[in-house]
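See structure below.
In structure tokens:
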């Protein structure tokens with residue numbers, strides 16, 4: 001016996017176990033230190049790049065971007081503004097989605113609630129153009145967008161209210177406001193300018209001739225792209241497609257908050273079939289394309305096939321156009337009945353939504369079919385296969401509208417002539433008024449390009465041009481108003497300036513972060529300083545349509561996302577408190593990733 005002593009074997013075992021335990025403890029301590037170091041590792045700063053057009057192309061957009069840069073920097077977000085030419089901005093944001101955020105002006109007038117469908121529905125997130133360029137996906141928004149397509153009356157109004165409230169909170173883009181369209185018109189040769197650049201492009205054809213010798217309407221523009229691209233399917237950062245709307249007819253025109261017949265003289269509904277509602281459209285007699293070919297129901301059916309897939313099924317995946325997808329997507333099938341009759345299957349939407357599909361531009365099958373081929377765009381990467389239909393400048397264009405192409409000189413001028421065989425020249429007067437078209441008081445329209453708004457107004461004042469084709473800066477309002485022979489034209493543009501977010505990656509994938517950014521923007525300050533008051537602050541993209549609920553209407557001093565400050569100055573304490581509450585941290589005034 002060894003009394004209290006232990007055997008050598010027992011001592012040895014305990015020594016080994018003790019050594020192992022010490023090793024495990026050391027390893028555990030090391031891992032703990034590693035975890036501590038990892039937790040204490042300095043988080044990266046939150047940064048944001050805002051792309052927009054240069055000041056000489058769009059001074060409003062650049063000034064908005066600079067104000068946003070100042071506000072976001074004050075909040076601790078490392079923000080830079082990157083000027084990008086219109087063509088490159090179009091490629092980076094609408095085609096290849098290479099951006100954090102961008103400031104732009106939505107180029108199309110918002111007239112119906114369904115225009116939001118293609119703008120934010122997740123089914124369009126992978127497409128190009130103005131179809132959801134943000135990459136936004138939200139189940140609740142999708143459900144509301146789908147529901148409003150089927151509803152009408154009070155029920156639809158309630159759905160639209162919920163939809164706009166949700167968009168204002170999750171904020172895939174931030175509406176800034178709708179600027180007024182400011183134009184100058186000379187009254188010595190043509191009259192009736194009030195409303196001539198209003199909702200319908202056809203209003204331009206209702207001018208009165210003051211000077212009998214004035215056979216050409218002369219317009220001047222600071223946007224040269226109309227002189228080199230008349231493709232109605234492209235969605236570049238250009239101003240509204242008023243000219244292309246006069247070159248390309250549609251079955252119907254948007255008029256106030258409904259549609260009126262144009263190339264389609266009438267339509268009726270058939271709801272007796274198993275496939276759901278069918279819209280049967282009857283075309284006017286003797287419709288023609290500008291090249292003399294007959295426009296038939298086959299061209300109409302082809303148009304809707306092309307708007308669904310510009311490759312016409314030739315590619316493994318559909319290649320949709322960068323415009324008109326939302327309104328055309330309600331048509332699931334187009335069937336020719338006879339030369340003047342086409343049936344459009346619209347099985348899952350209300351009649352009002354389906355009738356909006358009648359406003360897409362008609363495409364001549366004998367011209368556009370060959371453009372379904374794959375395009376070779378000289379090494380310009382846009383991340384997906386594309387077709388000639390999406391890259392052609394379509395000059396000369398072959399449409400069927402009241403104006404037809406004559407000549408064009410890149411960055412200089414475009415000349416269109418009146419299409420004498422257009423049906424509008426023989427329409428019943430009552431029908432003409434309803435469709436906002438009359439026999440044009442001129443034989444041709446010439447659009448000249450100049451380098452600045454001031455030069456454009458000077459040419460109109462001197463009598464070398466009749467009107468500015470696009471809006472000019474608010475700084476020219478007084479000089480226009482003081483000129484004897486000039487008329488100042490102020491119209492609600494219907495299109496809005498916005499800040500769009502790429503929600504595909506952090507931190508902008510976080511809806512709370514985007515919502516916090518929206519609280520850093522003083523819309524009234526932007527309207528006062530950027531647009532000299534010639535704009536209306538807005539929260540919803542449907543501002544001005546009568547469809548915006550009180551909860552999302554902009555009111556002085558408060559919105560659904562109120563500014564964290566006053567008179568354009570942020571309250572730094574409020575801002576930092578809001579970000580900290582959302583889980584963010586600050587280091588010497590710099591916002592860190594949560």
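Numbering (the UniProt record's numbering), first residue to last: 1 to 594. Ideal Cβ positions, reconstructed from N, Cα and C, are used throughout, including at glycine.
query: For residue 447, which beta-bridge partners are listed by DSSP?
result: 219 and 414
_Contacts around residue 578, its chain only, beta-carbon distance under 8 Å, and the 5 residues preceding and following it disregarded_ = 516, 519 and 564
Boundaries of the alpha helix (DSSP H) in which residue 164 is found, first to last residue: 153–170
### Reduced DSSP secondary structure (H/G/I, E/B, other) of residue 368
helix
Let me check one thing: in DSSP terms, what residues is residue 268 bridge-paired to? 280
**Three-state secondary structure assigned by DSSP to residue 498** = strand
Specify the secondary structure class of residue 573 as computed by DSSP and reduced to three states.
helix
So is residue 505 buried or exposed if we call it buried at 16+ other beta carbons inside 10 Å?
exposed
- request: Return yes when the Cβ of residue 522 is within less than 8 Å of the Cβ of residue 573, no when it is not.
  value: no
Task: Where residue 533 falls: helix, strand or coil (DSSP) - done: coil
Next item on the list: Using the Cα positions of residue 124 and residue 65, report the straight-line distance between them to the nearest angstrom.
Entry: 27 Å
Helix, strand or coil, according to DSSP, for residue 408 in the structure here? strand
- Nearest to residue 347 (by Cα), restricted to the options 337, 336, 332 and 341: 332
Return yes when at least one heavy atom of the ligand NAP lies under 7 Å from the C-beta of residue 565, else no.
-> As far as ligands go, the structure on display features none, and thus does not contain the ligand NAP.
(request) Decide yes or no for the touch test of the region 287–296 against the region 89–100: beta carbon pairs closer than 8 Å, at least 3 of them. (result) no
Which two residues bound the contiguous alpha helix (DSSP H) that contains residue 149? 139–150
| message | Taking contact to mean 3 or more Cβ pairs, one atom from each stretch, closer than 8 Å, check whether the region 495–512 and the region 214–232 are in contact. | response | no
*Simplified DSSP state of residue 117, which is helix, strand or coil*: helix
Measuring straight from C-alpha to C-alpha, what distance separates residue 462 and residue 445? 18 Å
What residues in its chain sit with their C-beta under 6 Å from that of residue 440, if we drop five residues either side in the sequence? 205 and 418
So, under 8 Å CB-CB, residue 392 and residue 169 are touching, yes? Tell me the CB distance rounded to an integer number of Å.
Incorrect: roughly 41 Å between the Cβ atoms, too far for contact.
Self-check item: Segment contact, 8 Å Cβ cut-off, at least three pairs: the region 404–411 with the region 335–342
Solution: no
For this session: Name the two residues that bound the continuous beta strand (DSSP E) containing residue 180.
Result: 173–186
Using three-state DSSP, classify residue 462 as helix, strand or coil. helix
Q.
Considering Cα atoms alone, identify which of 531, 210 and 471 is closest to residue 67.
A. 531
Beta-carbon proximity of residue 398 to residue 364, cut-off 8 Å: yes
query = Which value, in whole angstroms, describes the spacing of the CA atoms of residue 209 and residue 187?
reply = 10 Å
message = Can you check which of these residues, 243, 121, 176 and 57, is closest to residue 540 by C-alpha distance?
response = 176
Bridge partners - residue 49, DSSP secondary structure assignment: 80
- Message: In this structure, how does DSSP classify residue 293 when only helix, strand and coil are distinguished?
- Response: coil
Open item on the list: I need the boundaries of the beta strand (DSSP E) containing residue 261, first residue and last residue.
Closed with: 258–261
Practice task
Mark residue 34 as exposed unless 16 or more other C-beta atoms lie within 10 angstroms of its C-beta, in which case mark it buried.
Solution key: With a pLDDT of only 47 at residue 34, under 50, the local geometry of the prediction cannot be trusted, and the value read off the model is given with reservation. Exposed.
Exercise for review: Note down, in chain order, each residue of its chain lying with its Cβ closer than 7 Å to the Cβ of residue 360, except the 5 sequence neighbours on either side.
Suggested key: 250, 303, 307, 324, 327 and 328
Where residue 586 sits in the DSSP three-state scheme: strand
| query | By Cβ distance below 6 Å, which residues in the same chain neighbour residue 267 in space, the five residues on each side in sequence not counted? | reply | 279 and 281
Looking at C-alpha atoms only, which residue of 233, 288, 223 and 199 is the closest neighbour of residue 259? 199
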